[in-house]
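Asker: Structure below; questions to follow.
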Amino acid sequence: MQRAAALVRRGCSPRTSGPWGRSQSSAAAEASAVLKVRPERSPRERILTLESMNPQVKAVEYAVRGPIVLKAGEIELELQRGIKKPFTEVIRANIGDAQAMGQQPITFLRQVMALCTYPNLLNSPSFPEDAKKRARRILQACGGNSLGSYSASQGVNCIREDVAAYITRRDGGVPADPDNIYLTTGASDGISTILKILVSGGGKSRTGVMIPIPQYPLYSAVISELDAIQVNYYLDEENCWALNVNELRRAVREAKDHCDPKVLCIINPGNPTGQVQSRKCIEDVIHFAWEEKLFLLADEVYQDNVYSPDCRFHSFKKVLYEMGPEYSSNVELASFHSTSKGYMGECGYRGGYMEVINLHPEIKGQLVKLLSVRLCPPVSGQAAMDIVVNPPVPGEESFEQFSREKESVLGNLAKKAKLTEDLFNQVPGIHCNPLQGAMYAFPRIFIPAKAVEAAQAHKMAPDMFYCMKLLEETGICVVPGSGFGQREGTYHFRMTILPPVEKLKTVLQKVKDFHIKFLEKYA
Numbered sequence: 001m002q003r004a005a006a007l008v009r010r011g012c013s014p015r016t017s018g019p020w021g022r023s024q025s026s027a028a029a030e031a032s033a034v035l036k037v038r039p040e041r042s043p044r045e046r047i048l049t050l051e052s053m054n055p056q057v058k059a060v061e062y063a064v065r066g067p068i069v070l071k072a073g074e075i076e077l078e079l080q081r082g083i084k085k086p087f088t089e090v091i092r093a094n095i096g097d098a099q100a101m102g103q104q105p106i107t108f109l110r111q112v113m114a115l116c117t118y119p120n121l122l123n124s125p126s127f128p129e130d131a132k133k134r135a136r137r138i139l140q141a142c143g144g145n146s147l148g149s150y151s152a153s154q155g156v157n158c159i160r161e162d163v164a165a166y167i168t169r170r171d172g173g174v175p176a177d178p179d180n181i182y183l184t185t186g187a188s189d190g191i192s193t194i195l196k197i198l199v200s201g202g203g204k205s206r207t208g209v210m211i212p213i214p215q216y217p218l219y220s221a222v223i224s225e226l227d228a229i230q231v232n233y234y235l236d237e238e239n240c241w242a243l244n245v246n247e248l249r250r251a252v253r254e255a256k257d258h259c260d261p262k263v264l265c266i267i268n269p270g271n272p273t274g275q276v277q278s279r280k281c282i283e284d285v286i287h288f289a290w291e292e293k294l295f296l297l298a299d300e301v302y303q304d305n306v307y308s309p310d311c312r313f314h315s316f317k318k319v320l321y322e323m324g325p326e327y328s329s330n331v332e333l334a335s336f337h338s339t340s341k342g343y344m345g346e347c348g349y350r351g352g353y354m355e356v357i358n359l360h361p362e363i364k365g366q367l368v369k370l371l372s373v374r375l376c377p378p379v380s381g382q383a384a385m386d387i388v389v390n391p392p393v394p395g396e397e398s399f400e401q402f403s404r405e406k407e408s409v410l411g412n413l414a415k416k417a418k419l420t421e422d423l424f425n426q427v428p429g430i431h432c433n434p435l436q437g438a439m440y441a442f443p444r445i446f447i448p449a450k451a452v453e454a455a456q457a458h459k460m461a462p463d464m465f466y467c468m469k470l471l472e473e474t475g476i477c478v479v480p481g482s483g484f485g486q487r488e489g490t491y492h493f494r495m496t497i498l499p500p501v502e503k504l505k506t507v508l509q510k511v512k513d514f515h516i517k518f519l520e521k522y523a
């Protein structure tokens, strides 16, 4: 058909001869006849449509990068095109991306990464010897002495050894076995991998996964993707988002009517709520998991982010071992950590690990098999994780600078946590619990009935409507609480505390001004 159409186009000069001695006008006539016999077909239907795609993928939602963030991107493009707004920039306070918010990388970490990435720098006098020592150790464990080679599916052996040594130091001598360490593409990869292996059954025997509400939306997204059953347990907002074991018991009791509760997920310190669990609370949770035969997932990526002087991070692994062999030999536990949070803020490297204990030996083989399908986590991310767990020590050349930078980051975060809490609590219609840890505020906001009606008219959740208006009028991008889950009739949003202090003060003032106007408009 395309050849026939081409003949028609070439047939505009009847006096010239074609390549076979016929005039082009006769060729054009012939082509037209062909086209009439073979009309254009309508486009074939796509194989992959919204109706035919995997329904579990369609059910996945991830609020942290949801509609509000897409809208923020559109506004940024409009600003670039010169379209006037009541603001000059979009402030993305929706995600815990420290370096995107201006936090400077830790020098030692970047020095070791530079040496690993370009080993010729090992001869440079510009790099300290303790950084070179770590880079050489990592490279010697890599195939061809290069970060560009694959590693073992479980991760580079010497890095897993360093992770195990770090856990042992952190937990006051509680032993960690490198064979129980699995390096991952950020903590998210480990969480989704372990959930894949845990979910099974059908009908009332389908695996139920208990998650806190509010929760980090990764959990609900993976549960949807795996077609597992989400079992909500509510944190106690009136008691600084505490975890109450009686609430766990209620959730399990009600869930047993329609699924098989098998997994209990804990986020400590909390995201988005920022609470830090007490040792007593962790003991109660472990006893509950032992009692109900639940597999524990402990998301501990914010373990370095504890700001309240009354709080301290306790790892589930340490508390489990200190509760004695009846628990430490029987409760199955997977714990997760990452390069993305803490004082490092190295989100882009996608480094992480999980430690899995008391796993059945045959299941261990299945887990390694599942990990081998994706070959290995990024080796650069593994190297970054190694520097986090194997930092400079007293007596080494880089120790003082490293300690200074680490303390500066964590000290600034503590100040910003208190600043955010105090300023929010000065705004009528906003209440913010103490930010004990992590890197977010999750304030409760009062939304008037008229605003709820306006949201319904726009087919939006009330807090989505609020956050969208906040974005459109101030350029501040936050995530509505409905994306994390909340008790019926309450409204929140999550905002990171990562911006530099002066910019954070500006953000908080803009939120205050907006909220007061919002209340007046919809009073």
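When the letters of the sequence shown are read in order and numbered with UniProt numbering, they come out as residues 1 to 523. For each residue, glycine too, the CB sits at the ideal point set by N, CA and C.
Buried or exposed: A449, going by 16 or more other Cβ atoms within 10 Å of its Cβ?
Answerer: Along the sequence shown, one-based indexing puts residue 449 at 449. A449 comes out exposed.
Asker: Run the CB neighbour count on N330, radius 10 Å, all protein chains shown included, and call it buried at 16 or more, exposed below.
Answerer: Working through the sequence shown from its first residue, we reach residue 330 at position 330. Exposed: under 16 other Cβ atoms inside 10 Å.
Asker: Taking the beta carbon of Q456 as the centre, do at least 16 other beta carbons fall within 10 Å, making it buried, or is it exposed?
Answerer: Position 456 of the sequence shown, counted from the start, is the residue given in the question as residue 456. Exposed: under 16 other Cβ atoms inside 10 Å.
Asker: Can you have a look at M464 and say buried or exposed, based on whether 16 or more other CB atoms are within 10 angstroms of its CB?
Answerer: As a first step, residue 464 is located in the sequence shown; it is residue number 464 there, counting from the start. Result: buried.
Asker: Is Q366 buried or exposed, if buried means 16 or more other CB atoms sit within 10 Å of its CB?
Answerer: Reading the sequence shown from its first residue, position 366 is the one you call residue 366. That one is exposed.
Asker: Once DSSP output is grouped into helix, strand and coil, what is the label at N123?
Answerer: Counting from 1 along the sequence shown, the entry for residue 123 is found at position 123. In this structure, N123 counts as helix in the three-state DSSP scheme.
Asker: Quick check on DSSP: helix, strand or coil for E453?
Answerer: Mapped onto the sequence shown, residue 453 falls at position 453. Correct three-state label for E453: helix.
Asker: For the pair the stretch 300-312 and the stretch 338-349, tell me if three or more CB-CB distances fall below 8 Å.
Answerer: Short answer: they touch.
Asker: Exposed or buried, what is E488 when buried is set at 16 or more other beta-carbons lying within 10 Å of its beta-carbon?
Answerer: Sequence index remark: in the sequence shown, residue 488 carries index 488 (1-based). The residue in question, E488, is exposed, as its Cβ has fewer than 16 Cβ neighbours within 10 Å.
Asker: Which of helix, strand or coil does DSSP assign to D386?
Answerer: What you label residue 386 is simply residue 386 of the sequence shown in a count that begins at 1. Correct three-state label for D386: helix.
Asker: What did DSSP end up calling H458 once you bin it into helix, strand or coil?
Answerer: As a first step, residue 458 is located in the sequence shown; it is residue number 458 there, counting from the start. H458 falls in the coil class under three-state DSSP.
Asker: Does DSSP put N305 in a helix, in a strand, or in coil?
Answerer: Sequence index remark: in the sequence shown, residue 305 carries index 305 (1-based). The answer is coil: DSSP assigns N305 none of H, G, I, E or B.
Asker: Taking Cβ to Cβ, would you say C116 is nearer than 8 Å to A454?
Answerer: Reading the sequence shown from its first residue, position 116 is the one you call residue 116. Reading the sequence shown from its first residue, position 454 is the one you call residue 454. Result no, Cβ atoms of C116 and A454 do not sit closer than 8 Å.
Asker: Which word fits P309, buried or exposed, when buried means at least 16 other C-beta atoms lie within 10 angstroms of its C-beta?
Answerer: For this step, residue 309 is matched to residue 309 along the sequence shown. Under this definition P309 is an exposed residue.
Asker: Exposed or buried, A289, counting other C-beta atoms within 10 Å across all chains shown (16 or more means buried)?
Answerer: Indexing the sequence shown from 1 puts residue 289 at position 289. Flag for A289 reads buried.
Asker: I68: which of P261, I91, I159 and P443 sits nearest, CA to CA?
Answerer: Mapped onto the sequence shown, residue 68 falls at position 68. With distances taken between Cα atoms, I68 lies closest to I91.
Asker: Using CA coordinates, which residue listed in S408, M385, P434 and R404 is at the minimum distance from R134?
Answerer: Mapped onto the sequence shown, residue 134 falls at position 134. Of the candidates S408, M385, P434 and R404, the one whose C-alpha sits nearest the C-alpha of R134 is M385.
Asker: Sorted by chain position, which residues of the same chain lie with C-beta nearer than 6 Å to L109's C-beta, five sequence neighbours on each side aside?
Answerer: As a working mapping, residue 109 is identified with position 109 in the sequence shown. So the list reads I387, once near-sequence residues are dropped.
Asker: Short of 8 Å in beta carbon distance, which residues of its chain neighbour G172, apart from the five on each side in sequence? Order them along the chain.
Answerer: Sequence index remark: in the sequence shown, residue 172 carries index 172 (1-based). Cβ neighbours of G172 beyond the five flanking positions: K318.
Asker: Is P214 near T273, with beta carbons less than 8 Å apart?
Answerer: By 1-based counting over the sequence shown, the position of residue 214 is 214. By 1-based counting over the sequence shown, the position of residue 273 is 273. Yes, they are a contact pair.
Asker: Cα separation between G21 and L77?
Answerer: By one-based count along the sequence shown, residue 21 stands at place 21. By one-based count along the sequence shown, residue 77 stands at place 77. Interpretation of G21 is limited by its pLDDT of 48, a score under 50 that renders its predicted location unreliable; the figure taken from the coordinates is listed afterwards. Going by the C-alpha atoms only, they are around 58 Å apart.
Asker: Measure the alpha-carbon distance for G351 versus R279 and round it to whole angstroms.
Answerer: Here residue 351 refers to the residue found at position 351 when the sequence shown is read from its first residue. Here residue 279 refers to the residue found at position 279 when the sequence shown is read from its first residue. For G351 and R279, the distance between alpha carbons rounds to 28 Å.
Asker: When you compare only the Cα positions, how much space is there between L435 and N268?
Answerer: The count along the sequence shown starts at 1 and reaches residue 435 at position 435. The count along the sequence shown starts at 1 and reaches residue 268 at position 268. Going from the Cα of L435 to the Cα of N268 covers about 13 Å.
Asker: Per DSSP, what kind of secondary structure is K256 in: helix, strand or coil?
Answerer: Reading the sequence shown from its first residue, position 256 is the one you call residue 256. Of the three classes helix, strand and coil, the one that applies to K256 here is coil, per DSSP.
Asker: Candidates M354, G348 and E326: which alpha carbon is nearest L333's?
Answerer: Reading the sequence shown from its first residue, position 333 is the one you call residue 333. Closest by alpha carbon: M354.
Asker: Specify, as a first and last residue, the run of the beta strand (DSSP E) that residue 524 falls within.
Answerer: This structure does not reach residue 524, given that the chain is present from 1 up to 523, and the question cannot be answered.
Asker: Would the stretch 400-413 and the stretch 247-260 be scored as touching if the rule is three or more Cβ pairs under 8 Å?
Answerer: No: the two stretches stay apart, fewer than three of their Cβ pairs being nearer than 8 Å.
Asker: Taking the continuous beta strand (DSSP E) assigned at E355, which residues delimit it?
Answerer: To locate residue 355, count along the sequence shown from 1; it is residue 355. Per DSSP, E355 belongs to the beta strand (DSSP E) from G351 to I357.
Asker: By Cβ distance below 8 Å, which residues in the same chain neighbour G190 in space, the five residues on each side in sequence not counted?
Answerer: Indexing the sequence shown from 1 puts residue 190 at position 190. The answer, listed in chain order, is Y182, T184, A334, F336, G352, Y353 and M354.
Asker: Measuring only the C-alpha atoms, how far is C311 from K262?
Answerer: Here the question's residue 311 lines up with position 311 in the sequence shown. Here the question's residue 262 lines up with position 262 in the sequence shown. Going from the Cα of C311 to the Cα of K262 covers about 30 Å.
Asker: Please state the DSSP three-state secondary structure of M344.
Answerer: Looking up residue 344 in the sequence shown gives position 344. Looking at M344 - three-state DSSP - the assignment turns out to be coil, as it is neither helix nor strand.
Asker: On the DSSP letters alone, give me the boundaries of the alpha helix (DSSP H) that G190 sits inside.
Answerer: What you label residue 190 is simply residue 190 of the sequence shown in a count that begins at 1. Segment G186 to L198, the alpha helix (DSSP H) holding G190.
Asker: Measuring alpha carbon to alpha carbon, tell me which of P178, C158 and A242 ends up nearest I167.
Answerer: Within the sequence shown, the letter at position 167 stands for residue 167. Checking every option, the nearest Cα to that of I167 belongs to P178.
Asker: Between Q230 and M210, what straight-line distance do the alpha-carbon atoms span, to the nearest angstrom?
Answerer: Translated into the one-based positions of the sequence shown, residue 230 becomes position 230. Translated into the one-based positions of the sequence shown, residue 210 becomes position 210. Their Cα atoms are separated by approximately 6 Å.
Asker: Exposed or buried, which one is M53 when buried takes at least 16 other CB atoms within 10 Å?
Answerer: In the sequence shown, counting from the first residue as 1, residue 53 sits at position 53. Burial call: exposed.
Asker: Can at least three beta-carbon pairs, one atom from the stretch 112-129 and one from the stretch 493-509, be found at a separation below 8 Å?
Answerer: Touching, no.
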